[in-house]
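First up is the structure itself, then whatever we jot down about it.
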């Protein structure tokens, strides 16, 4: 039996962003804001040994993007000590001493979008939508640990039901007139660099005015009743 075990270099901290209970493609352009703070260095001796403040923490503002837990050559951009990660991205901070304490903070987590946040599989804060927290924004921080004790921090946000990121398009006739015409639609969404591109690879549902779902069966639209079923090929029709 062969096991793939990630080897983490000493003096390195990796901050990784993940999402649960959703299709990551829907959130590929969403950026999540983070900050990392480490103990302030009070002194450094001739051998490179450092002593740290027990109360003062300073922001770390130098990192590179990670790939399979290893640093790349691509630098992370910081704005006012804040950096941003998309789902499945990671930032790696290197050159840290193993005994230096640090903590990570995700900034501006909205309760109506993410009802639970887990850090390394431990729930740090749960938003309860039944307690009228809609619109509440919070920063979610880890505790303070030495680099050697916690070299990897994984933030996993659970998407709320209200944050499904679905686009619904409905065609209606004036005065509810009944026609047999068909109508074509061109759907474009912005990509990772802000350009409008055709929506060609994503899933979608098609249903009629009575709420019946249709799917593609050998090029023909077939009713699936009230049970939702994805249109597997790009057939765009209005029923």
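In our numbering, the protein residues as written are 73 to 311. For glycine and all other residues, C-beta sits at the position ideal for the given N, C-alpha and C.
Taking only three categories from DSSP, how would you classify residue i?
{"i": "residue 246", "result": "helix"}
{"i": "residue 286", "result": "strand"}
{"i": "residue 179", "result": "strand"}
{"i": "residue 104", "result": "strand"}
{"i": "residue 254", "result": "coil"}
{"i": "residue 155", "result": "strand"}
{"i": "residue 139", "result": "strand"}
{"i": "residue 194", "result": "strand"}
{"i": "residue 88", "result": "strand"}
{"i": "residue 299", "result": "coil"}
{"i": "residue 168", "result": "coil"}
{"i": "residue 216", "result": "coil"}
Out of the options, which has the shortest C-alpha to C-alpha gap to residue i?
{"i": "residue 85", "options": "104, 91 and 137", "result": "137"}
{"i": "residue 195", "options": "134, 128 and 228", "result": "228"}
{"i": "residue 240", "options": "277, 148, 141 and 133", "result": "277"}
{"i": "residue 251", "options": "243, 257 and 258", "result": "243"}
{"i": "residue 154", "options": "270, 249, 135 and 83", "result": "135"}
{"i": "residue 150", "options": "143, 159 and 165", "result": "165"}
{"i": "residue 191", "options": "118, 223, 103 and 256", "result": "223"}
{"i": "residue 83", "options": "89, 101 and 221", "result": "221"}
{"i": "residue 121", "options": "290, 172 and 102", "result": "172"}
{"i": "residue 181", "options": "247, 89, 290 and 296", "result": "89"}
What is the rounded straight-line gap between the Cα of residue i and the Cα of residue j?
{"i": "residue 303", "j": "residue 288", "result": "6 Å"}
{"i": "residue 114", "j": "residue 265", "result": "42 Å"}
{"i": "residue 116", "j": "residue 123", "result": "6 Å"}
{"i": "residue 210", "j": "residue 105", "result": "12 Å"}
{"i": "residue 156", "j": "residue 163", "result": "9 Å"}
{"i": "residue 141", "j": "residue 110", "result": "20 Å"}
{"i": "residue 260", "j": "residue 269", "result": "5 Å"}
{"i": "residue 158", "j": "residue 262", "result": "15 Å"}
{"i": "residue 128", "j": "residue 112", "result": "6 Å"}
{"i": "residue 249", "j": "residue 280", "result": "15 Å"}
{"i": "residue 167", "j": "residue 230", "result": "32 Å"}
{"i": "residue 256", "j": "residue 102", "result": "29 Å"}
{"i": "residue 254", "j": "residue 245", "result": "12 Å"}
{"i": "residue 267", "j": "residue 152", "result": "27 Å"}
{"i": "residue 271", "j": "residue 258", "result": "8 Å"}
{"i": "residue 247", "j": "residue 296", "result": "29 Å"}
Thinking residue i and residue j are a contact (beta carbons under 8 Å), I'd like their distance in whole angstroms, please.
{"i": "residue 161", "j": "residue 212", "result": "Contact flag wrong, Cβ pair sits at about 17 Å."}
{"i": "residue 219", "j": "residue 170", "result": "5 Å"}
{"i": "residue 293", "j": "residue 286", "result": "4 Å"}
{"i": "residue 216", "j": "residue 174", "result": "7 Å"}
{"i": "residue 214", "j": "residue 176", "result": "5 Å"}
Below 8 Å between beta carbons: does that hold for residue i and residue j?
{"i": "residue 298", "j": "residue 283", "result": "yes"}
{"i": "residue 225", "j": "residue 87", "result": "yes"}
{"i": "residue 91", "j": "residue 108", "result": "no"}
Is residue i near the ligand NAD, going by C-beta to nearest heavy atom under 7 Å?
{"i": "residue 269", "result": "The model on display carries no ligand, and the ligand NAD is accordingly not part of it."}
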